[in-house]
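Position 68 of the sequence shown, counting from 1, maps to 71 under my numbering, and the rest follow consecutively.
A quick write-up on the structure given underneath.
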Amino acid sequence: MAGAKGPGYLRDRYVRNAVESTLVIAWCAGGLLGKSRRESAQEAFCVSVSAEDMRDWSRFGQLLRKERERRMAGTT
Numbered sequence: 004m005a006g007a008k009g010p011g012y013l014r015d016r017y018v019r020n021a022v023e024s025t026l027v028i029a030w031c032a033g034g035l036l037g038k039s040r041r042e043s044a045q046e047a048f049c050v051s052v053s054a055e056d057m058r059d060w061s062r063f064g065q066l067l068r069k070e071r072e073r074r075m076a077g078t079t
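Shown next, in the form of structure tokens:
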């Protein structure tokens, strides 16, 4: 089934899940330390996260894609 979707499909899903999991963990840990979601996301990833990115889910999705692409580029 994975072969029908292309050879990079599983790797893409794995990286996306890892990025999203990192974000959730950062948000939870940051919340326990009294940090905002934005501060936690900025610490979890090496990219700037604006307040607008946090409010607008489509823009936030773009941020996740950029981070996924950055991490995938580092694994090749």
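The beta carbon of each residue, even a glycine, is placed where N, CA and C say it ideally should be.
Small disclaimer: the values here were computed from a predicted structure and weren't measured.
For residue i, three-class secondary structure by DSSP
i: LEU67; result: helix
i: LYS8; result: helix
i: GLY33; result: helix
i: ARG74; result: helix
i: SER39; result: coil
i: SER24; result: helix
Neighbour-count burial assignment, residue i, 16 or more Cβ in a 10 Å radius
i: GLY11; result: exposed
i: GLY33; result: buried
Straight-line Cα distance separating residue j from residue i
i: ALA76; j: ALA47; result: 18 Å
i: ALA100; j: ALA44; result: There is no way to answer for residue 100, as the model of the chain reaches only from 4 to 79.
i: ASP15; j: ARG62; result: 19 Å
i: LEU35; j: GLY9; result: 40 Å
Query raised in the report: Would you say the segment 63–74 touches the segment 6–26, given that touching needs at least three Cβ pairs under 8 Å?
Result: yes
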